[in-house]
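Residue numbers (the numbering used here): 1366 to 1639.
Even for Gly, the Cβ is constructed at its ideal location relative to N, Cα and C.
Notes follow once the structure below has been shown.
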């Protein structure tokens, strides 16, 4: 099953296992494998497949890139660990191993879990605006998002989401577009968002970070309004004495620096291509 977007189509494909179904897309033609795990979003990133491929154009000659959504048929409760196990199973079903793995925000939490529990799948790990400890590092923004989604306030949810993840100038520029997008959100998407957002609760793998055996790059933002400044410090404290660990902090690009910082993909490329 596939859909096509844009003048140069990116196909949306589906993995079907005995336990779940999961959408993904791929682009690029390189020998190296890159897997991207996106963060929490109000609507699926699958509808932006062409735009994502364009943003990661620098990768396409050297990498074949896979981006996985969360499973389509969500259980009533769906923890980060459960998300990680399903994603690992999807990777295994496609024969992907020893990949370069990039997780953004909640996707980074999933990536940490995969690297610890399925080390053979991950050759290098990059974490963007993420944390090993959602119990204490996630701000009240996520609580507000959940409340708005449960109240059915689609536009309010998109506005609060954008206000938290983007720097002020970017939010103001796209305020109208965020409101328009909010009008398109379905009841099913609101319920799905709540399940995924609540699944972050209780995630804490700080003390297990040293079990990650592959090289790690952590990228954060000092002006992150979704995560505490302590989040990347916990990663640095656990892995900072390793020669295969590096980190970088942005200032002025917000939680979504993985979307807003113009050199972000270059940093990922340079780390993964070494």
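Measuring straight from C-alpha to C-alpha, what distance separates residue i and residue j?
| i | j | result |
| --- | --- | --- |
| residue 1369 | residue 1411 | Low confidence applies to residue 1369: its pLDDT is 39, below 50, so where it sits in the model is not reliable enough to give any reading. |
| residue 1472 | residue 1403 | 5 angstroms |
| residue 1593 | residue 1479 | 23 angstroms |
| residue 1531 | residue 1507 | 14 angstroms |
| residue 1528 | residue 1622 | 14 angstroms |
| residue 1569 | residue 1374 | 39 angstroms |
| residue 1432 | residue 1384 | 20 angstroms |
| residue 1422 | residue 1392 | 9 angstroms |
| residue 1571 | residue 1498 | 6 angstroms |
| residue 1577 | residue 1518 | 40 angstroms |
| residue 1462 | residue 1489 | 11 angstroms |
| residue 1589 | residue 1536 | 14 angstroms |
| residue 1371 | residue 1584 | Residue placement at residue 1371 cannot be trusted, given a pLDDT of 40 that sits under 50; what the coordinates show is reported in the next sentence. Computed Cα separation, rounded: 30 angstroms. |
| residue 1416 | residue 1548 | 21 angstroms |
| residue 1420 | residue 1513 | 30 angstroms |
| residue 1381 | residue 1389 | 11 angstroms |
| residue 1596 | residue 1425 | 31 angstroms |
| residue 1579 | residue 1475 | 16 angstroms |
| residue 1550 | residue 1509 | 17 angstroms |
| residue 1601 | residue 1627 | 24 angstroms |
| residue 1533 | residue 1400 | 30 angstroms |
Spatial neighbours of residue i within its chain, please: CB distance less than 8 angstroms, with the 5 preceding and 5 following residues excluded, ordered by chain position.
| i | result |
| --- | --- |
| residue 1544 | 1520, 1523 and 1524 |
| residue 1439 | 1557, 1560 and 1561 |
| residue 1591 | 1470, 1494, 1503, 1504, 1506, 1507, 1529, 1530 and 1620 |
| residue 1397 | 1427, 1428, 1429, 1465, 1637 and 1638 |
| residue 1500 | 1566, 1567, 1568 and 1569 |
| residue 1540 | 1524 and 1527 |
| residue 1609 | 1579, 1580 and 1581 |
Measure the CB-CB distance between residue i and residue j and report whether it falls below 8 angstroms.
| i | j | result |
| --- | --- | --- |
| residue 1454 | residue 1493 | no |
| residue 1427 | residue 1395 | yes |
| residue 1487 | residue 1466 | yes |
| residue 1496 | residue 1599 | yes |
| residue 1615 | residue 1586 | yes |
| residue 1436 | residue 1387 | yes |
| residue 1575 | residue 1445 | no |
| residue 1641 | residue 1625 | Because the chain in this structure spans residues 1366 to 1639, residue 1641 falls outside the shown range and cannot be described. |
| residue 1481 | residue 1573 | yes |
| residue 1449 | residue 1582 | no |
| residue 1377 | residue 1418 | no |
| residue 1407 | residue 1554 | yes |
To which residues of the same chain is residue i closer than 7 angstroms at the C-beta, ignoring the five residues directly before and after it?
| i | result |
| --- | --- |
| residue 1515 | 1559 |
| residue 1405 | 1470, 1471, 1561 and 1562 |
| residue 1632 | 1584 and 1613 |
| residue 1685 | Any property of residue 1685 remains undetermined from this structure, which presents the chain solely from 1366 to 1639. |
| residue 1483 | 1453 |
Any chance the CB of residue i is under 7 angstroms from a heavy atom of the ligand MN?
| i | result |
| --- | --- |
| residue 1376 | With respect to the ligand MN, the structure offers nothing, as it holds no ligand at all. |
Give me, in chain order, the residues of the same chain whose beta-carbon lies closer than 6 angstroms to that of residue i; leave out the 5 immediate sequence neighbours on both sides.
| i | result |
| --- | --- |
| residue 1409 | 1434 |
| residue 1456 | 1486 |
Beta strand (DSSP E) segments (min. 3 residues) lying fully within the region 1444 to 1486
1464 to 1469
Quick one: complete beta strand (DSSP E) runs, 3+ long, within the region 1556 to 1602?
1581 to 1586
Mind listing, in chain order, the continuous alpha helix (DSSP H) runs of no fewer than 4 residues lying wholly within the region 1511 to 1564?
1519 to 1530, 1533 to 1548 and 1552 to 1563
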